[in-house]
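Let me begin by presenting the structure, written as structure tokens, before commenting on it.
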Amino acid sequence: MESVLLHARKACPFLHGNNTTVLRQLAAKKSSGLLLKANQCPVMGAAIQTRGAHSNAPGNTSQEQQQPFSYEGFYKQMLDKKHNDKSYRYFNNINRLAKKFPMAHLARPTDEVTVWCANDYLGMGANPLLLNTMKDTLDRYGAGAGGTRNIAGNAELHLQLESELADLHHTDGALVFSSCMVANDATLSTLGSKMPNCVIFSDELNHASMIEGIRHSRAEKHIFRHNDPEHLEQLLQSVDINRPKIIAFESVYSMCGSIAPIEKFVALAKKYNAITFLDEVHAVGIYGPRGAGVAEHLDFDLNAAQPRRGNGGIMDQIDIYTGTLGKSFGVVGGYIAGSSQFIDMIRSYAPGFIFTTSLPPVVVAGGKACINYLKNSNVERRMQQLNARTVKSRLGELGIPVVPNPSHIVPVLLGDAAAAKLASDELLSKYNIYVQSINFPTVPVGHERLRITPSPGHTPEMIDHLVDSLQEIWNRYGFKRVADYEAEGGRCNVGDKNFDGVKPMWTDEQLNYNLSIEESQQTTLAV
1 MESVLLHARK ACPFLHGNNT TVLRQLAAKK SSGLLLKANQ CPVMGAAIQT
51 RGAHSNAPGN TSQEQQQPFS YEGFYKQMLD KKHNDKSYRY FNNINRLAKK
101 FPMAHLARPT DEVTVWCAND YLGMGANPLL LNTMKDTLDR YGAGAGGTRN
151 IAGNAELHLQ LESELADLHH TDGALVFSSC MVANDATLST LGSKMPNCVI
201 FSDELNHASM IEGIRHSRAE KHIFRHNDPE HLEQLLQSVD INRPKIIAFE
251 SVYSMCGSIA PIEKFVALAK KYNAITFLDE VHAVGIYGPR GAGVAEHLDF
301 DLNAAQPRRG NGGIMDQIDI YTGTLGKSFG VVGGYIAGSS QFIDMIRSYA
351 PGFIFTTSLP PVVVAGGKAC INYLKNSNVE RRMQQLNART VKSRLGELGI
401 PVVPNPSHIV PVLLGDAAAA KLASDELLSK YNIYVQSINF PTVPVGHERL
451 RITPSPGHTP EMIDHLVDSL QEIWNRYGFK RVADYEAEGG RCNVGDKNFD
501 GVKPMWTDEQ LNYNLSIEES QQTTLAV
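Here our numbering is used: the first residue of the sequence shown is 1, the next is one more, and so on.
Here's what the structure looks like:
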């Protein structure tokens, strides 16, 4: 304390001119003393006044005046903020009908709608193969898993599912979690906190699960511009090449439909001594000859002929895969895949795995059956891609703005939160079409949209109804069309004259792959 005072005296004339005894006497006085002297100081006086103004602000009263904290008032204040900025989320009562996919009913079973925004991209949640497998498993093993994996929830079915996933991604091992939100959070937080002096490089549009994992790791992080290898390399160059590094990115970004330049990111990882963390959540089941995702799709013919590790494809160079069972695979759950030692390390250290009740056997069996089935069938993938192409083309002919992308996602741009919600409400109430509006913070302010996801089960008549309904709504409310965005200079690459356009990830040749054999199987499908 004495040394601190000595340093302070050098900077403050008041302290410099008074000894310790005088300062103690001043501090003992209640009505004057140090506080009075401090107010006379040009530096401390200004600081005290500023703090006093802050203390008298609403919610910051002095201790004598302070009222008990209003918890309900706080909740209301936060909700009012959401309502005022139009980002409040409304949840519709949607009950999908297994025998009438992609139909659902609302609160009243007689009110049926067509669902156009589900992440069950291939309709496998209604496939008889999946349902019958789950029914049989339920009868045999019951509803729950019985505990965490290390206590009572590690069944043979879990091990079989992980083997199926490892085979899908050409890896040595895999590990199943309760969701991919948990898988991403647990894996990134564990790696980032356990690897000494770790640095994580994250795409700016990465999913919240990855952002949370990075935040929980407390590792140093660098955010690179979306799908920008040049910016990523600049950031990598700023870090010691010998430090452990993770490059985290997604293959398909679900709100805009963009696809990562995986090969370029892998090359940078090799060049700068980093490992790759690839989230294939919105790609598994949909891309590649066996549904392993975009990494598999990049070497389509090679992986169709030699679906194994060591075939020389880009899949061999990805260090960590993450994926989900809750979208194209029709059930629920998440997973990671990678080397045996990596999987065992996460299994041994990640609290999100160790302390979570295991997925029920009925869910695990359904996921395993679905993955195995989609390894051998391209019918669903082909129909989904064709329907997505058709919807994009039809809307483009009408000038209804679709954010251009090479994937199966159809983001219809409105650019305003209130307009997006209005369009969604109109589709539901007047046309019996369910498409949820997407607003901040899922997308930036000004990028609000409807996110449409065509599936194999959407018929030509359903597509006609969707397109005609959107056209009527755009005419009724005068929502912006492509020409309007072009006049403004473009937004989200819509109406941008400098944008070169995109080619679909699935080529015409790939869509016709083994088609004659697969069409003969179509009668066995639920869609």
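C-beta atoms are modelled at their ideal positions from N, C-alpha and C, and glycine is treated no differently.
query: Hey, how far is the Cα of Ser178 from the Cα of Glu488?
result: 45 Å
- request: Figure out for me which residue from Lys81, Ala267, Tyr431 and Asn372 has the closest Cα to the Cα of Met124.
  value: Asn372
task: Determine the direct distance from the alpha carbon of Leu386 to that of Glu162, and round the result to whole angstroms.
output: 31 Å
query: Near Val239, which residues of its chain fall below 6 Å by C-beta distance, leaving aside the five closest residues on each side in sequence?
result: Around Val239: Val199.
task: Enumerate in chain order the residues of its own chain whose CB-to-CB distance from Ile433 is below 8 Å, with the five nearest sequence positions on each side excluded.
output: Val113, Thr114, Trp116, Leu427, His465, Leu466 and Ser469
query: When the distance is taken between beta carbons, is His216 closer than 7 Å to Ser189?
result: Taking 7 Å as the cut-off, the Cβ atoms of Ser189 and His216 count as close.
- prompt: Among Ala118, Ser193, Gln234 and Val294, which one has its Cα closest to the Cα of Thr453?
  reply: Ala118
Supposed contact pair Ile409 and Arg451 - C-beta distance, whole angstroms, cut 8 Å: Between Ile409 and Arg451 the Cβ distance is about 7 Å, and since that is below 8 Å, they are a contact.
For Met103: DSSP bridge partner residues: Thr114
query: Fully enclosed by the region 199-225, which beta strand (DSSP E) runs are 3 residues long or longer?
result: 199-203 and 220-224
- request: Note down the Cα distance separating Ala53 from Gln66, rounded to an integer number of angstroms.
  value: Only weak support is given to the placement of Ala53: the predicted model assigns it a pLDDT of 47, under 50, and the question is left unresolved by the model.
field: Secondary structure of Val391, DSSP reduced to three states
entry: Val391: helix per DSSP, three-state reduction.
Through-space distance from His222 to Ser254, alpha-carbon basis: 22 Å
task: Could you please give the first and the last residue of the uninterrupted alpha helix (DSSP H) stretch that includes Ala350?
output: Premise fails: Ala350 is in no alpha helix (DSSP H) and is neither H nor E.
task: Measure how close the beta-carbons of Lys82 and Tyr88 come, nearest whole angstrom, since I'm counting them as under 8 Å.
output: 4 Å
- prompt: The alpha helix (DSSP H) spanning Leu235 covers which residue range?
  reply: Pro229 to Gln237 is the extent of the alpha helix (DSSP H) around Leu235.
Ala152 versus Tyr321 - alpha carbon distance: When rounded, the distance between both Cα atoms is 27 Å.
- prompt: Rounded to a whole number of angstroms, what is the C-alpha to C-alpha distance between Gln510 and Arg382?
  reply: 9 Å
query: Tell me which same chain residues have a C-beta within less than 7 Å of the C-beta of Asn206, skipping the five on either side of it?
result: Result list for Asn206: Ala248, Phe249 and Glu250, in chain order.
message: Quick check on the burial criterion: 16 or more other C-beta atoms within 10 angstroms. Buried or exposed for Leu159?
response: By the 10 Å Cβ count, Leu159 comes out exposed.
- prompt: In the DSSP assignment, what are the bridge partners of Asp279?
  reply: Glu250 and Thr322
Residue closest to Glu220, alpha-carbon to alpha-carbon, out of Asp228, Ser202 and Thr148: Ser202
query: Can you tell me the Cα-Cα spacing of Phe342 and Lys264, whole angstroms?
result: 23 Å
query: In this structure, does DSSP put Asn154 in helix, strand or coil?
result: coil
- request: State whether the region 87-105 contacts the region 291-307, with contact taken as three or more CB pairs (one from each stretch) at a distance under 8 Å.
  value: no
- prompt: Roughly how many angstroms separate the alpha carbons of Val362 and Asn273, rounded to a whole number?
  reply: 41 Å
task: Count the other C-beta atoms from every protein chain shown that fall within 10 angstroms of the C-beta of Thr276, then say buried if there are 16 or more, exposed otherwise.
output: buried
query: Would you report the Cα separation of Pro229 and Tyr431, rounded to the nearest angstrom?
result: 43 Å
task: Taking Glu164 as the reference, give the member of Met505, Asp508, Lys368 and Asp85 with the closest Cα.
output: Out of Met505, Asp508, Lys368 and Asp85, Lys368 has the C-alpha closest to the C-alpha of Glu164.
- prompt: Is it the case that the Cβ atoms of Leu168 and Gly330 are separated by a distance below 7 Å?
  reply: no
query: In whole angstroms, what separates the C-alpha of Ala145 from that of Asn498?
result: 55 Å
- request: Identify every residue that forms a DSSP beta bridge with Ile336.
  value: Answer is Leu175 and Thr322, bridged to Ile336.
Helix, strand or coil at Ile262 [DSSP, three-state]: helix
task: Identify every residue that forms a DSSP beta bridge with Arg451.
output: Pro411
message: According to DSSP, Lys245 sits in a beta bridge with which residue or residues?
response: Val199
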